Each structure stands twice: as structure tokens, then as C-alpha cells.
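Undergrad: Here the protein sequences come in this chain order: Z and D.
Per the working numbering, residue 1 is the first one in the first sequence, and the count goes up by one each step.
Per the working numbering, residue 334 is the first one in the second sequence, and the count goes up by one each step.
Next up is a structure, given as C-alpha cells.
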Amino acid sequence: MRPFDYARPATREQAVQLLAATPGRAAVLAGGSDLLALMKDGVVTPERLVSLQGLQGDHTLRFLRYTAAAGFRIGALTTLADLAASEVLRLEHPVVAETAGRLAGPQIRNVATVGGNLCQRPRCWYFRSGFGLLAAREGASLVVAGDNRHHAILGNDGPAYFVTPSTLAPVLIALDAEVVLLGPQGERTIPLEKLYRLPLAEGEREHDLGPGEILTELQLGPAAGRQVGTWEVRQRETLDWSLATAAVALEMEDGRVKRARVVLGQVAPLPWTSREAESFLTGKTIDEAAADEAAKLAVQGAKPLSKNRYKVQLARVAVRRALLAATGLDREL
Amino acid sequence: MNGIGASPPRPDGFAKVSGAARYLDDLSLPGMWHGATLRSPHAHARIRSIAWDAALAPDGAVCVTVGDLPGPNGVQLIDDGWPILAGAFTHHVGEPVALVAAPTRLAAQQALQAFTVTYEPLDAVLSLEAAEALPPLYQLGMDSGDVDAALARADLVVEGEYRTGHQEHIYIECNGMIASYAEDGALTVLGSMQCPYYVQKALTHALGLADEQVRVRATTVGGGFGGKEDFPSAIALHAALLARACGRPVKLVYDRHEDIVCTSKRHPTLVRHRTGVTRDGRLAALDIEILMDGGAYTTLSSVVLSRALLHSFGPYRCADVRIRARALRTHTAPNSAFRGFGAPQVEFAIERQMDRIAHRLGLDPLEIRLRNAVAPGDRLPTGQILDAGTSALPCLEEVARRTRFRERRQELEAARARRAAEGDEDQNGAEPRRGIGLSLYFHGAGFTGNGERMMKSPVTARLLPDGRIEVLTAMTDMGQGCSAVFPQIAAAAGGLLPEDVTFAEPDTAEVPDSGPTVASRTTMIVGGLIARVTAALRDRVLEGLPGHTVRDGWIESPAGRVERFRDAARRLRAEHGPVELTLRHEPPAWQTFDETTYRGAAYPTYAWGADVVEVEVDPDTLAVRPLQVTAVCEVGRAIHPTLCAGQIEGGTLQALGWALLEEMKLEDGRYLNDRLATYVIPTILDSPRIDVHLLESHRDGGGPFGGPFGAKGVGELPMDGGAPAVAQAIENATGIGVPAIPATPERLLAWQRAGQTPGGVR
Ligand SMILES: Cc1cc2nc3c(=O)[nH]c(=O)nc-3n(C[C@H](O)[C@H](O)[C@H](O)COP(=O)(O)OP(=O)(O)OC[C@H]3O[C@@H](n4cnc5c(N)ncnc54)[C@H](O)[C@@H]3O)c2cc1C
């Protein structure tokens, strides 16, 4: 690992200033479970780490607050283990608590934070081997020509072919979560969905984080009767990312879908909202046939690369099963 | 409590689980520096130049390049064809090109930047297909009877091609060494290794030192699985060269990434079978071609290939057999020893071929095996007549009985037929598909062929001044448990208590060269010697006491207890001075093997096993979950049943990982998943329930082979059975043919599309 400066500011503003002082050359350190691995492998080489673990008093970012009216405000440094253990989260949004509790393994969940999870970097093996996020050589993508079995099947018109790694993000986006960002220019609140963007050139980040900007808080409204379901297709049971995931949230009225959110993970460079599936589901009652059709629509636009055609099938299965899980049909079968 | 067949606590256990055990990287010597290795980024390239700019390196850092070698540029194993540092060419990604040492690990890493190497990239050979047309690293053949005639006569000829991939050892402790020179030029090397004397031999050969000038000590070994058989010799050389260059002790430890990038893996293998069978399912002819990917250098490929050849016909009877085996050269790190040593790959292939034959003939997998499995007195294709402990059939029958294999398989088939009739065979059936599979396997225990005869391994025992017996061997306990089993064997053979016997640490300055800790030979061969030498030393103490024996640590006359053995031994030691005995292993006279024709008794005996695996397959994603494994293994005699069963559980899980998850993905000769986050091995949550049942053919004393109390080597046996049983279970569950492993969802979906069936491609 390259040597670096280490700062442990006490206030959020100091943190932001320390980051903004050396734009592009400083990194936020939360739990470190992703960042330190990237540094050890020399994939990122920040000159300064700004740890959020020393924030004091009102500035700390490890909290989970709930009100019946507004729902949850969750500090960015809240660990995944905190999420999994929270009684009120388990009651209100069991799927979120379960997703957090299933992620990685106990040791990782004890250090990994919500902010770090949402801002973790892609697992693309070209990126992790130091070929850059877009893994391009002389204008051509190594991914397209190479081993792309774990890469994107949707939203892959280039130049990005990696897949978004967080399993929490699709669930939270399906639940219309928002995030609060604090930067040198102050605070802004955006839908979590908007945190993710397609990088168009090497050096651009896949997150909409301005210079010096940090994620301070996740906001998640009350369940409000929504039916929620997820499905993760995984190869190994634990300590491993999924091959494809889907999260579904349905607002129901008189047994019909009033509004649907269908979000896929691990299939595109960003959490992938399927407008096709969402509009198909609107107004429908959910049965197996509807779930099949929605799943088919969700992957209709898929453009598999040379080695990842199988992922189309996995993504379809994930959507179908997430829908059945949301409506409880999986238990009746 | 401690006798043969008891399971006393292992002496190394507490220190290991409490964190007190000190592994190589926990050790530090005064003034010690740290080493780092500059590695080739190319699979194949000419090295035009190497320049070192001392101004760019941290203060005082030293470097070693190929020009600095004091002797031959070869790591001495079977031969010395494996370079210590790349010379004019580099032949794989990660090949060591130069070395540096500096006061800290970080400084050593930084010092690597002071090198400028100019490479001229060349075409690389990166697949078995591409390598097949080129001269092999090594080749072997064996012929028995007349295969062509037997194939022509056969009622049916079945062909098959089966593949297995790289497997990485993932021992918990990565490779590492510390080397230091004394003022008189003597070299001491500490490290994590299976074979202290291999390391010593490599050091004396390359550094031009005499045996007495090189001392090698194994520190606590955090796992090996074969991965610490050859590489420690290279790393010890690197550390020693750096210590020589900087005049200080040097530690060279790999982190996980470096360890995966540059050390050996299991040989990827392609086996082609052409089998003649009779209508009633008996093997009439076996025509087998084995291709193993040896990587860039031969290292141990010749002996891995030899063991592969000798297991490729499986535990089956067949008189007309032709085997052609080649280790091919590709531009990857040398592939080498890994638990099973070539046997798991070829046993996967023969087991898959048996399943394909059964499928063609409409037999069930149990029946085809019952009809062909060897029995005592049968001949293997090599001509070896099998001993009375030959237990293929007992294992098969026991595993089938315990799992109700036939009934269970019929139940599953009936359920499938029912579903098909109900028209629910479409892609969207939600219910997981269950399947059951079975395998039969065997493993030759000890070195192949004349290996033991050539080595004549010695073990020494001597009396300590306090009257205890000290036994000296070069074996290392890498977790397999010889530090628990050896005292049991010595105590039982000498009539002593465990505390009457102590074992020396593996240190070439102290212990004789009792050979490497490999080839399932530790308990069987070295353990046998320990029994003999301890008994011989006891008899030395009993000299002049006719009719006396030793039991439970007491010397007994016909009238009863006379005195504690230790008291008599202490007296003898005091009166006579050092009392020491060395015995050498002598294979039984009947065990002869012809290394040119590959005929004869390749192993003194075999251990046997049969597995039944039940899996659940997701009908949509084809993700496989193993639910239950039953392993019945015949081990001769289990000295320490808990450790013995532990070997079988661990080996079985390692086989399941290889069969379902583990795959090294290569691009331009680079491993793409060269980290633990991407090279996935099973965790406890991926582990099915594994029930182990031990059969012991020689409970009542030695068999016709050399193992103490009848014990056979078991370390590698369990690696042979898991993969083919899982593959068969997947076929049973899905109807999709499984000609290769790992059987990942991705491959299963592709095979489904391509029309792979248990009988071959549709
Ligand atoms: C074996 C293994 C398996 C895993 N499996 C999964 C899985 O299945 N699903 C899944 O979702 N994740 C998985 N993970 C990833 C894990 O969830 C993340 O590593 C973790 O959540 C990151 O959190 P952290 O606090 O450690 O982040 P850090 O490592 O500290 O930071 C990660 C990144 O986010 C940035 N960052 C952190 N906090 C902030 C902030 N507040 N504002 C702005 N930027 C910030 C950092 O600069 C860095 O770039 C796995 C990890 C491992 C090691």
C-alpha cells in the first residue's frame, strides 16, 4: 500500500473541507472494507484518507431514527449489522433488514457502513486488476473482447460494462429512498436512484458525488402498506456478491397494483429500473402469469455480451421471484 | 484413551485455536530485512534488458538479478529445469524476474519501482488445445492386452471427453520464508513447508553449499494441500539470495494476491475415453488419453502424470487397456502438486464415463459399478494383484445401503416422471429439482512405483537422559494431524504411555531425511517406521531381561510389574551414554514396478471409497446446492478416527468446491480472479452435511502392506470421489449432461442449450 495522510476530523464541515482541499486525491474512509482492499491492490491511491469515524457529538453519522410520519433517517456510518439488528426496521421494512443481514459475512457487516455500501466500487475484475473503471485500451473495451461473464446485460451501450455492486441499493430505490449529500456548497437531498450515473470517461466516478461531497444520511419513508419482495441469485451462499438481484415494491389498491417499482441489481452499471415491467404491472392483479410477463419484459431489452447470456435468464428469474415474494404467492405454491 | 483407535486431543490444537501458535510471518530476527519480487507481466516474452536505478530505490535497498546467481539457475526438484529467476525469457505471468530487499516491507515494495525491464512480448500458448500440437513436457504410456481387438469385439463402444480446471490450494497461511547467514557462511532457513529436505537440496544445489552448511527448519505450517511441496524451495532460494546480498536475515512472505498469482495450481486436465463394453455392461477395453496442463515448467508434472495414469482406469477390472498420458507446456505458472496429485482429475473422467456407459445400456450407476469393481485377487490393468484389503465392493455396498441409493433414485425418477406427465417440465416450475449421485474411487497410498525403494527413508529414535524416547522424523504437521497420530503409534508399538515418547521438530540439523510430507505416506510409511524403531529401542532397553515385556509404560515379568520403563531407560542412558537407533523403510519384496512399461505393483496398497451425494438444483437458474454427502471409506485402520474422518470431511468439501464453485479464469495468461473476493471456495454455509463412515479392513493387526496396525494413507483419498458424484447427481436432477467441472449455473445453462445429456450431446 502507498503511504497516505490520515485525517480524523471532528465535524462534518471539516471533513468536507479536508476532502475539497485536495480534490481527486483524497478519499472518504468509512468502514474501509472496500476502500482498503482497493488501496492494497493499488487500484486507488489516495494521498489522504478522511475518516468519518472521529465525528463528534451532533456530527456523528452513526444513528438510526424513526418517526411514524416520516419514517427513517439513517446516518451514513450506521453499520449493516446495525440495520440487521434494528427492531423497528425489521418491523417496518423487514426486507431491508434482511438484505443487510444477509450481506457478506458477520465480520464485514460489523464494519461495513450504509454509506460505504451505497458508494462501494464495482467488482469488475478488470477494474480490480488496475485496468481502470472503463477498462479501455486504445479506445476498445477489454470487457467486450474479454471475459465478461459477470458483466452488464442491460444499459451496456458503453463505455461502461461493469455492474453495480450494492445489493442494498435496488431495495432502497424500490422503496423510493433518498440520500442527503453534504459538500462545500452545502447540503442537497436527492433520490438514491440519482446517486448513480454512467461514467463516460476514465476518471469519472459512477456516483454523483461532487468534489468534497459526502453522503451523510439515508432517508427512507414508512412502508405505507407497500408489498415488497427481493430475490438474489447467488453462486456461493455467503461472502460473495450475487449474480443477479431484483427488488420489487408494489402500492396496491383494491387488489390491483397502483404503482410498481421494479429495480434490478448486478445486471447494469447502475441499479436498473425496469420501466417496462413497472408500467405493465400498473393496474394488474399479480398472479403467476403476470409475474412471468413482467419478468420477461424486464429483460426484453437485454443485450448480453459474448459470455454472459446466462445472466438474462438469471435476471428474469430474479424479477419473477421477487414479484411472487412481494405478493406472498411464493408461499402459496 | 490414547491407544490405536482412540482420538486424543491434538497437541498442536490449543495453540492454534487460541492464536498462540507462531507462523512464519509472526517471526522476526534481529536486523531482519524484507524481500519483494519483481514479476513478469507477460505470459511469454524475451527480456531485452533489466536496469536498476539505485537512486530511485529507498536507502540501501539491494537487488538480485539473474546475473547475481552464484550457481546454476535452477530449483532442484526432480531436475533443475525450473529457473530461480527468469533468464533471457519469461514463460508465465508472475514469473520472478528480480528480487529486492529493504529494511521494511513497504520499502521493499517501493524498491521494485527502481527496476526498468524491457520486454519483447511473444506469442503465448494458453490452452490445452493449442499445446497439444507442441512437444510435451513429459509423456507416458501403458499397454495391457490388445485394445484394438477388444474394441472391435465389443458390443458397444462409448466415447467421452471430460474436463477439469485449475484449482488453487487456498491454504490459510500463504507461502513465506526467512533466510539468514551466520558469519561462517552457514545458512539457516525457516519457513512454511511440507518437505524440509527438498528445500535443503534446492539450497545446496543452487548456492554451492554443503549439506552441513544449510539448515532448514519448518515453522508451524498453516495448511499445504500440496501447495507447499515445491514452491517453498523457490521462495527459500529467493530469501537466501537476498540475505546473501544484503548481509542480513531476510523475510519473504507472499500476500494472498501474490500467492495466487504466482504459485502452483491443480493441473487442468482433459481426458478422452473410448471404452468397449459388453451388452451386460462389463468393461472390455479401455482406451484412455490424458492431457494435463503442466504450465511453463515441469516441476512435479512428471510424477503427477504418473499417478494420473495409474488411477485413470478407476477401481475397475479390465484386461485390455491402453493409456497415453502427456503433460503439456503452456504459458502459465507451473501446475503441480495438489491433494490427489492427478488422481482426482482422471477419476472424475472414468466415473463420468462409467455413468455414460450405464446410461447407454439402461443400467443404474450402482449396477454398472457392482459389475465391474475390483475384488481381492483381481488384477489391475498394470498387472498388480490386489490384496485382501481391496474394498471397492464393501464401500459401494455400504454406501448404497446407508443411503438407500436405489430406492431413493427410483423415488426421484418417479417424481420427475410424474412432473413430466403433468406438463410441469417447463422452465418455470418453482420446485427445486432433487438429484442423487454416486461415485466409487481408490487411491494408491505412498509414493508411486519405486519411489519408496529409492528413498529408503530413515527414522531415528534415541533415549533422552530422562528416559523418554525421542523420535526424529522430517514430517511436518500442516494440520493433517501427524503430531497427534505419531505419538499414538509410538506408544502403542512400544507398550509405552504417550508421555514416554517425544518428537523432534522438523529441522534438517536434527532429524534424518524421512522424506517429504506428501503422497498420503506420512502415517503409512513413516508411521510404520516409527512403530518399528520405537519397538526396537524398547527391545534394546529390555536386553538382558528375557521373557520381559513392556505394557502401559511398565516393564513386566511373567510375575507382574517390575519397574517403570522410563527408569530402566534412564539407567541405561546414564551407564552407556547415547543410545540411538535408525531404521530405514524397505518396501515389501513383492512390490516391484517397471518404470518403462508402467507394469507391476505401483503402490503397496490402496485405500477405497464410495460417495453418495444428494443435491438440489434450482430449475430456473440451475444453481446447485449439495444437501447431503455420505462417504464410506476403507482406510485399513483408523489410528485416530476423529482426525481420519476430519481428513475425509475436509477433502470432500474441497472436492465439492472444485466441482461446483472454483474456477480460475484466465486471460492472456493472467488469472482474472486472483483474489479471495473473486476466487470463491465453499464456506460453512455452502457445506452440505457430510457423514463419514470408516471401514477398517485390518482392525486386527497389519495387513499385507507396510502401514502400522494396518493403517493406509487417507489424506488424498477423499479428493477423488466428490466431484463425479455431484456431477451424476446434477444429471439425475436435471437431465443435463455434465462433462466438465465446475458445474456453475453459467455452464449448466450453456450445456442445456447445447443439448448435453447424460448420454452425450443430443
Ligand atoms: C467478501 C465480501 C462480500 C460482499 N458481499 C456483498 C454483497 O453481497 N452485497 C453488497 O452490497 N456488498 C457486499 N460486500 C461489500 C460490502 O458491503 C462493502 O465493502 C461495504 O458495505 C463498504 O462499506 P465500508 O463502510 O466498509 O466502506 P469503505 O470501504 O470505507 O468505503 C467504500 C467506498 O465508499 C466511499 N464512501 C464510504 N462512505 C462514504 C460516505 N459517507 N460518503 C461518500 N463516500 C463514501 C469510500 O470513499 C470508498 O470509495 C461484500 C464485501 C466483501 C468483502
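Ideal placement from N, C-alpha and C gives every residue a C-beta, glycine not left out.
All of these numbers come straight from a predicted model, not from anything done at the bench.
1. Name the residues in the stretch 1074-1092 of chain D whose C-beta lies less than 9 Å from a C-beta of chain Z; which are they?
2. Give me the subset of the stretch 350-379 of chain D whose CB atoms are less than 9 Å from a CB atom of chain Z, sorted by chain position.
3. Within the chosen definition, does the stretch 341-357 of chain D reach the stretch 408-415 of chain D through at least 3 CB pairs nearer than 8 Å?
4. If you check the beta carbons only, do residue 851/D and residue 528/D fall under 9 Å apart?
5. At 3 residues or longer, what runs of the beta strand (DSSP E) sit wholly inside the stretch 524-606 of chain D?
6. Of the choices 725/D, 841/D and 770/D, whose alpha-carbon is the least far from that of residue 743/D?
7. If we cut at 9 Å on Cβ distances, does residue 235/Z have a partner in chain D?
8. Which residue comes first and which comes last in the alpha helix (DSSP H) that contains residue 692/D?
9. What residues from chain D crowd round residue 323/Z, counting only those whose CB sits closer than 9 Å?
10. Using 8 Å as the cut-off, classify the Cβ of residue 219/Z as near or not near the heavy atoms of ligand 1, replying yes or no.
11. With 9 Å set as the bound, which would you pick, yes or no: does the beta-carbon of residue 313/Z sit closer than that to a beta-carbon of chain D?
12. By the 10 Å Cβ neighbour count, where 16 or more other Cβ atoms means buried, how is residue 812/D classified, buried or exposed?
13. Check whether the Cβ of residue 119/Z sits closer than 8 Å to any heavy atom of ligand 1, and report yes or no.
14. Is residue 394/D buried or exposed, if buried means 16 or more other CB atoms sit within 10 Å of its CB?
15. Report yes if the C-beta distance between residue 635/D and residue 931/D is below 9 Å; otherwise report no.
16. Can the beta-carbon of residue 173/Z be found closer than 9 Å to that of residue 273/Z?
17. Given that a residue counts as buried once 16 or more other Cβ atoms are within 10 Å of its Cβ, and exposed if not, what is residue 558/D?
18. Hey, is residue 1007/D's beta-carbon within less than 9 Å of any beta-carbon in chain Z?
19. Using the rule of at least 16 other Cβ atoms within 10 Å of the residue's Cβ for burial, across every protein chain shown, is residue 1022/D buried or exposed?
20. Does the distance from the CB of residue 535/D to the CB of residue 569/D come in under 9 Å?
21. With a threshold of 16 other CB atoms inside 10 Å of the CB of residue 521/D, please say whether the residue is buried or exposed.
22. Are there 16 or more other CB atoms within 10 angstroms of the CB of residue 630/D, so buried, or fewer, so exposed?
23. Taking only runs of the beta strand (DSSP E) that begin and end inside the stretch 722-789 of chain D, which ones reach a length of at least 3 residues, in chain order?
24. Could you tell me the alpha carbon to alpha carbon distance between residue 944/D and residue 772/D, rounded to whole angstroms?
25. Against chain D, with Cβ distances strictly below 9 Å, would residue 39/Z count as a contact?
26. Got a sec: is the Cβ-Cβ distance from residue 439/D to anything in chain Z below 9 Å?
27. Which one of 749/D, 751/D and 846/D has the shortest CA to CA distance from residue 791/D?
28. Does the stretch 366-377 of chain D come close enough to the stretch 432-448 of chain D to have 3 or more Cβ pairs within less than 8 Å?
29. I need the straight-line Cα distance from residue 832/D to residue 801/D, nearest angstrom please.
30. State the start and end residues of the unbroken alpha helix (DSSP H) segment that holds residue 867/D.
31. Do residue 426/D and residue 1003/D have their beta-carbon atoms positioned less than 9 Å apart in this structure?
32. For the alpha helix (DSSP H) containing residue 37/Z, list its first residue and its last residue.
33. Which runs of the beta strand (DSSP E) at least 3 residues long sit entirely within the stretch 449-528 of chain D? Give them in chain order.
34. Just mark residue 107/Z as buried or exposed, buried being the case when its beta carbon has 16 or more other beta carbons within 10 Å.
35. Quick one: which residues of the stretch 123-136 of chain Z get their C-beta closer than 9 Å to a C-beta of chain D? List them in chain order.
36. Measuring CB to CB, does residue 7/Z end up less than 9 Å from residue 214/Z?
TA: This is what the structure gives:
1. 1077, 1078, 1079, 1080, 1081, 1082, 1083 and 1086
2. none
3. no
4. Counting from one through the second sequence, the residue named residue 851/D turns up at place 518. Counting from one through the second sequence, the residue named residue 528/D turns up at place 195. Contact flag set, yes.
5. 547-551 and 583-586
6. On the second sequence, position 410 is the one that residue 743/D refers to. Of the listed residues, the one whose Cα sits closest to residue 743/D is 770/D.
7. Position 235 of the first sequence, counted from the first residue, corresponds to residue 235/Z. Output row for residue 235/Z: interface = yes.
8. For the purposes of this step, residue 692/D is taken as the residue at position 359 of the second sequence. Taken as a continuous stretch (DSSP letters only), the alpha helix (DSSP H) holding residue 692/D covers 676-694.
9. Looking up residue 323/Z in the first sequence gives position 323. The premise fails here: residue 323/Z is roughly 12 Å from chain D at the closest Cβ pair, so nothing lies under 9 Å.
10. Translated into the one-based positions of the first sequence, residue 219/Z becomes position 219. No, the beta carbon of residue 219/Z sits no closer than 8 Å to any heavy atom of ligand 1.
11. The residue labelled residue 313/Z in the question sits at position 313 within the first sequence. True, the Cβ-Cβ gap to chain D drops below 9 Å.
12. Walking along the second sequence from the start, residue 812/D turns up at place 479. Residue 812/D should be labelled buried.
13. Here residue 119/Z is taken as the residue at index 119 of the first sequence, counted from 1. Checking every heavy atom of ligand 1 against the Cβ of residue 119/Z, one is found closer than 8 Å.
14. If you number the second sequence from 1, residue 394/D lands on position 61. That one is buried.
15. Reading the second sequence from its first residue, position 302 is the one you call residue 635/D. Reading the second sequence from its first residue, position 598 is the one you call residue 931/D. Not closer than 9 Å, so no.
16. Taking the first residue of the first sequence as position 1, residue 173/Z is located at position 173. Taking the first residue of the first sequence as position 1, residue 273/Z is located at position 273. Going by C-beta atoms, residue 173/Z is nearer than 9 Å to residue 273/Z.
17. Mapped onto the second sequence, residue 558/D falls at position 225. Residue 558/D is buried by the Cβ-count criterion.
18. If you number the second sequence from 1, residue 1007/D lands on position 674. Judged by the 9 Å Cβ criterion, residue 1007/D is in contact with chain Z.
19. The count along the second sequence starts at 1 and reaches residue 1022/D at position 689. Label assigned to residue 1022/D: exposed.
20. Against the second sequence, residue 535/D aligns to sequence position 202. Against the second sequence, residue 569/D aligns to sequence position 236. For residue 535/D and residue 569/D, yes; Cβs fall inside 9 Å.
21. Residue mapping note: residue 521/D aligns to position 188 of the second sequence, counting from 1. It counts as buried.
22. Taking the second sequence and counting its residues from 1, the one referred to as residue 630/D is at position 297. The residue in question, residue 630/D, is buried, as its Cβ has 16 or more Cβ neighbours within 10 Å.
23. 766-778
24. Position 611 of the second sequence holds residue 944/D. Position 439 of the second sequence holds residue 772/D. For residue 944/D and residue 772/D, the distance between alpha carbons rounds to 5 Å.
25. The residue labelled residue 39/Z in the question sits at position 39 within the first sequence. No, residue 39/Z does not count as interfacial toward chain D.
26. The residue labelled residue 439/D in the question sits at position 106 within the second sequence. Interface residue, yes.
27. Start at 1 with the first residue of the second sequence, and residue 791/D comes out as number 458. It is 846/D whose Cα lies nearest to the Cα of residue 791/D.
28. yes
29. Within the second sequence, numbered from 1, the residue matching residue 832/D stands at position 499. Within the second sequence, numbered from 1, the residue matching residue 801/D stands at position 468. Spanning the two alpha carbons is a distance of roughly 8 Å.
30. Taking the first residue of the second sequence as position 1, residue 867/D is located at position 534. Unbroken alpha helix (DSSP H) run through residue 867/D: 860-875.
31. If you number the second sequence from 1, residue 1003/D lands on position 670. If you number the second sequence from 1, residue 426/D lands on position 93. For residue 1003/D and residue 426/D, yes; Cβs fall inside 9 Å.
32. Position 37 of the first sequence, counted from the first residue, corresponds to residue 37/Z. It spans 35-40 - the alpha helix (DSSP H) in which residue 37/Z sits, taken as one unbroken run.
33. 471-477, 489-497, 509-514 and 520-524
34. As a first step, residue 107/Z is located in the first sequence; it is residue number 107 there, counting from the start. Exposed.
35. 123, 125, 126, 128 and 129
36. By one-based count along the first sequence, residue 7/Z stands at place 7. By one-based count along the first sequence, residue 214/Z stands at place 214. The answer is no: Cβ separation not under 9 Å.
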